[in-house]
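In the working numbering, the protein residues as written are 2 to 300.
Cβ atoms here follow ideal geometry from the backbone N, Cα and C, with glycine treated the same way.
What you are looking at is a predicted structure, and each value in this text was computed from that prediction instead of being measured.
One structure is given below, encoded as structure tokens.
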Ligand SMILES: *[C@@H]1O[C@H](CO)[C@@H](O)[C@H](O)[C@H]1NC(C)=O
Ligand SMILES: *[C@@H]1O[C@H](CO)[C@@H](O)[C@H](O)[C@H]1NC(C)=O
């Protein structure tokens, strides 16, 4: 289960709306929910705790949003702005800030708060944001190469399952170059990830990031890829069947016409022979009549 699914499942328990705009708050109470890791404060989801006196501050409307559809805003609400490129919106929504360099603090699972490395195209993967990663609340580049010492960060998300049991999902992340390397958790050195079907123990070991029943497998949502030869075979088969149907129908039609024309020809022959017979009959009858007249006239 992904952290996002767990988060969605735990949403009903999180709607403990804090103080609305103008309410009292203390920034000391800003924290992440221990189970879901969602940011919580004394203020509601639409406001953040602002003020110079940390223990006696006021909830004010959020200055920015991180998501296209932010949590806790009704559909009709006027949303705070998204941040421009090169800036980010912190969890509390207190306003856009510039990206931070490696070694500076960042918030959990907010890789996009870190400025990208100069060679970000080479390091970028689905495991980081433009080659930067936020591990143990610090920005760093995901640039550790094979055999380098690496840093891992485990985050455990908790939720209650449908039958009331607790579900824990631990996500392990590291600063090795991905997806070809991962951080071996015992030696803390970057190692090659394993291809599909290799024996594995944990998800990060696999290039596919999914280890099921001791083997590296494709993640559950992987789209089915049809090999080119199967596509070609299917297309060829369809074309062959279509052409064969056309040829078969044409031949059948031709045969039908041939049969019909034979039938007609036979009919005409029959008619002609009938006509000839009748004419012959007439002639024979006329001959006989003529003969009789000659015979009678001779008397
Ligand atoms: C908090 O600040 C307000 C004004 O900003 C002040 O009136 C109030 O007395 C303060 N409360 C405490 C407990 O310091
Ligand atoms: C990786 O990035 C760090 C900064 O996070 C930098 O100090 C280090 O030199 C880089 N290492 C390599 C191999 O590029």
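- [ ] Go ahead and label residue 160 buried or exposed: buried means 16 or more other beta carbons lie within 10 angstroms of its beta carbon, across all protein chains shown.
- [x] buried
Task: Proximity test, residue 119 beta-carbon vs ligand 2 heavy atom, cut-off 7 Å - done: no
Task: Distance between residue 233 and residue 89 (C-alpha atoms, nearest Å) - done: 47 Å
Task: Neighbourhood of residue 46 by C-beta, 6 Å cutoff - its chain only, sequence neighbours within 5 removed - done: 72, 73
- [ ] Would you please state the rounded distance, in angstroms, between the beta carbons of residue 107 and residue 80? I believe it to be under 8 Å.
- [x] Rounded, the Cβ-Cβ distance is 24 Å, inconsistent with contact.
Task: Residues of its chain near residue 49, where Cβ-Cβ distance is below 6 Å and the 5 sequence neighbours each way are ignored - done: 63, 93, 94, 95
TODO: Kindly confirm or deny that the region 191-206 and the region 141-149 touch, where touching means at least three C-beta pairs closer than 8 Å.
DONE: yes
Open item on the list: Among the candidates 254, 276, 214, 43, whose CA atom is the shortest distance from the CA of residue 27?
Closed with: 43
TODO: For residue 170, write down the residues that DSSP places opposite it in a beta bridge.
DONE: 158
- [ ] Decide if residue 40 is buried, meaning its Cβ has at least 16 other Cβ atoms within 10 Å, or exposed.
- [x] buried
Task: Close-in-space but distant-in-sequence residues of the same chain around residue 153 (CB under 8 Å, 5 per side omitted) - done: 136, 173, 174, 175, 184, 186, 189
Task: Integer-rounded CB distance, given that residue 132 should sit under 8 Å from residue 143 - done: 6 Å
TODO: Out of 66, 76, 91, point me to the one whose CA is closest to residue 82's CA.
DONE: 66
Open item on the list: Using DSSP's beta-bridge definition, name the partner residues of residue 141.
Closed with: 134
- [ ] Could you tell me if residue 141 is buried or exposed, where buried requires 16 or more neighbouring beta carbons within 10 angstroms of its beta carbon?
- [x] buried
Task: Uninterrupted beta strand (DSSP E) stretches inside the region 49-90 (no shorter than 3 residues) - done: 58-62
- [ ] Would you tell me roughly how many angstroms separate the C-alpha atoms of residue 118 and residue 220, rounded to the nearest one?
- [x] 29 Å
Task: Three-state class that DSSP yields for residue 251 in the structure shown - done: helix
Open item on the list: Is the beta carbon of residue 109 closer than 8 Å to that of residue 33?
Closed with: yes
Open item on the list: At the level of alpha carbons, what is the spacing between residue 36 and residue 166?
Closed with: 14 Å
Task: Cβ neighbour criterion (16 or more within 10 Å) applied to residue 255 - done: exposed
Open item on the list: Please state the DSSP three-state secondary structure of residue 101.
Closed with: strand
TODO: Pull up the DSSP beta-bridge partners for residue 290, would you.
DONE: According to DSSP, residue 290 bridges with nothing at all.
TODO: List the endpoints of the continuous alpha helix (DSSP H) containing residue 124.
DONE: 121-124
Open item on the list: Following a CB-centred definition, is residue 146 positioned closer than 7 Å to any heavy atom of ligand 2?
Closed with: yes
Task: Pick from 29, 70, 169, 38 that is closest to residue 51, judged by C-alpha positions - done: 29
- [ ] For residue 264, name the three-state secondary structure that DSSP assigns.
- [x] helix
- [ ] Taking residue 22 as the reference, give the member of 38, 58, 53, 31 with the closest Cα.
- [x] 58
Open item on the list: For ligand 2, I want to know if residue 142 counts as a neighbour, meaning its beta carbon is within less than 7 Å of at least one of the ligand's heavy atoms.
Closed with: yes
TODO: Label residue 231 either buried or exposed according to how many other C-beta atoms from any shown protein chain fall within 10 Å of its C-beta, with 16 as the threshold for buried.
DONE: exposed
Open item on the list: Can you check which of these residues, 169, 252, 179, is closest to residue 130 by C-alpha distance?
Closed with: 179
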